[in-house]
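K.L.:
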Amino acid sequence: MSIPFIDLKAQYKALQPQIRERINCVLEHGQYIMGPEVKELEDKLQTYTGAKHCITVASGTEALLISLMALGIEPGDEIITTPFTFVATAEVIVLLGAKPVFVDIEPDTCNIDAGKIEAKVTNKTKAIIPVSLYGQVADMDEINAIAEKHNLPVIEDAAQSFGAEYKGNKSCNLSTIGCTSFFPSKPLGCYGDGGAIFTNDDNLANACREIRVHGQSQRYVHTRVGVGGRMDTIQCAVVLAKFERFDWEVKQRQLIGQRYNELLAAANIDLVTLRPDRTSVYAQYTVLVSDRDEMQKRLSEVGIPTAVHYPVPLNEQPVYNHLCCPDCTPIAENMAMRVMSLPMSPDLSVKDQDKIVGGLLA
Ligand SMILES: Cc1ncc(COP(=O)(O)O)c(C=O)c1O
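So for the sequence shown, the numbering used here puts the first residue at 29; every next one is plus one.
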């Protein structure tokens, strides 16, 4: 029997009554769009992160797009970001006619190297988007300091890090805007697409709320260009049900991540480093290997699935490689050849984890 890469079935089993009750409630009241669960979830997530505003949206991608639109990003603007991320981070920049400027990553955390950002700031730079990769926040203090010096907003792409902490503060509430995703496999997921924007800025929050509904400031009064970017009530209901055991899940993820760290470090496997002043929610538990293809094949044969996040840095993707010299982020290039993610879920058993580690070391 194969170990699930992410065990959503075990989570559903544990939460079945709450999830069904929440979904049934939406079916009964029938407010499928902007029903009461939308506001209930936004209120809960505001309290959880400490951010003044939470605006739920259709996906993590939409959260990034709406945030950039709210900041007034225009064709020709430059946005500094990492090439070692899911494509959505750069895609939304290009969709608005702006240019992603890729900065290389740290070899140990795989997050953007804050020390290399300032050299890329020009008079066209309009924002910085660090990504909290694998569930660990990047060096936000250093990034915020550069942003402040150059009067730039910072959008944390926290699609993988909801629940993580940086110096005691929650991911999503560490900069001008935080964007997360409720894609089913994310640390806090729904049963479809969903996402959220967090900010402490009233004007930005208002802009995001309007852009989410076609730029509408009042019914059929469109004062900005917007999108159809709402999160469905049913998906908010699912997140509300899952949120009930989220604290436990975060603790489990951290215990399992720490156990992986201990077992694998003892075996001399290179790991993604967790900085001591922050926590990770291990959206992915990722190791660094040199013979990845062979290793993945061998693990797959014994029922251990693995994945690669990500095999190609974005500045080397066919559609984006004209935007940046293909070899100007050598660390990202190297990491893309070595990273391999192992099964990770709050419900991963010690027995299965031992099997995974055993398979890796065989
Ligand atoms: C780093 C990062 N940014 C953005 C996204 C986009 O989120 P969504 O799939 O909800 O649109 C993801 C999701 O995979 C992601 O991992």
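Ideal Cβ placement from N, Cα and C applies to all residues, glycine included.
1) I need the DSSP call for LYS270, collapsed to helix, strand or coil.
2) Using three-state DSSP, classify SER213 as helix, strand or coil.
3) Does the Cβ of VAL159 lie closer than 6 Å to at least one heavy atom of ligand 1?
4) Quick one: give me the first and last residue of the beta strand (DSSP E) that GLN246 is part of.
5) Using C-beta distances below 8 Å, list every residue in its chain close to ILE171, excluding the 5 sequence neighbours before and after it, in chain order.
6) Can you round the beta-carbon distance between ILE101 and ALA118 to whole angstroms, since I take them to be within the 8 Å contact cut?
7) For ligand 1, is there a heavy atom less than 6 Å away from the beta-carbon of THR117?
8) Starting from LYS127, trace the beta strand (DSSP E) in both directions and tell me its first and last residue.
9) What are the partner residues of SER377, as DSSP defines its beta bridges?
10) How big is the Cα-Cα spacing for THR301 and PRO135?
11) Could you give the DSSP three-state label for ASN234: helix, strand or coil?
12) Please name the residue or residues paired with TYR194 in a DSSP beta bridge.
13) Please state whether the Cβ-Cβ distance between GLY223 and GLU90 is less than 7 Å.
14) Where MET372 and ARG303 are concerned, what is the direct C-alpha to C-alpha distance, given to the nearest angstrom?
15) Give every residue of the same chain whose Cβ lies closer than 6 Å to the Cβ of TYR310, excluding the five residues on either side of it in the sequence, and list them in chain order.
16) Go ahead and pull the three-state DSSP assignment for ILE101.
17) Roughly how many whole angstroms lie between the Cα atoms of ASP375 and PRO64?
P.N.:
Quick answer:
1) Taking the first residue of the sequence shown as position 1, residue 270 is located at position 242. Helix at LYS270.
2) Start at 1 with the first residue of the sequence shown, and residue 213 comes out as number 185. Correct three-state label for SER213: coil.
3) Counting from one through the sequence shown, the residue named residue 159 turns up at place 131. The answer is yes for VAL159.
4) Here the question's residue 246 lines up with position 218 in the sequence shown. GLN246: member of the beta strand (DSSP E) spanning 244-246, first to last residue.
5) Walking along the sequence shown from the start, residue 171 turns up at place 143. Within the same chain, ILE171 has close Cβ partners ILE140, ALA142, ILE145, ILE156, PRO158, VAL182, SER203.
6) To locate residue 101, count along the sequence shown from 1; it is residue 73. To locate residue 118, count along the sequence shown from 1; it is residue 90. Not a contact, Cβ separation roughly 13 Å.
7) The residue given as residue 117 occupies position 89 in the sequence shown. THR117 Cβ: within cutoff of ligand 1.
8) Counting from one through the sequence shown, the residue named residue 127 turns up at place 99. Secondary structure note for LYS127: its beta strand (DSSP E) is the uninterrupted segment 127-130.
9) Start at 1 with the first residue of the sequence shown, and residue 377 comes out as number 349. None; SER377 has no bridge partner.
10) Locating residue 301 in the sequence shown gives position 273, where the first residue counts as 1. Locating residue 135 in the sequence shown gives position 107, where the first residue counts as 1. Near 9 Å, if we compare the C-alpha coordinates of PRO135 and THR301.
11) Here residue 234 refers to the residue found at position 206 of the sequence shown. Note: ASN234 maps to helix in three-state DSSP.
12) Along the sequence shown, read from residue 1 onward, the residue named residue 194 stands at position 166. DSSP lists ASN197, ARG306 as partners of TYR194.
13) On the sequence shown, position 195 is the one that residue 223 refers to. On the sequence shown, position 62 is the one that residue 90 refers to. Result yes, Cβ atoms of GLY223 and GLU90 sit closer than 7 Å.
14) Residue 372 sits at position 344 when you count from the first residue of the sequence shown. Residue 303 sits at position 275 when you count from the first residue of the sequence shown. Taking the Cα positions, MET372 is about 20 Å away from ARG303.
15) On the sequence shown, position 282 is the one that residue 310 refers to. So the qualifying residues of the chain are GLY163, ARG281, GLY285, MET372.
16) Taking the sequence shown and counting its residues from 1, the one referred to as residue 101 is at position 73. Of the three classes helix, strand and coil, the one that applies to ILE101 here is coil, per DSSP.
17) Within the sequence shown, the letter at position 347 stands for residue 375. Within the sequence shown, the letter at position 36 stands for residue 64. Approximately 30 Å between the Cα atoms of the pair.
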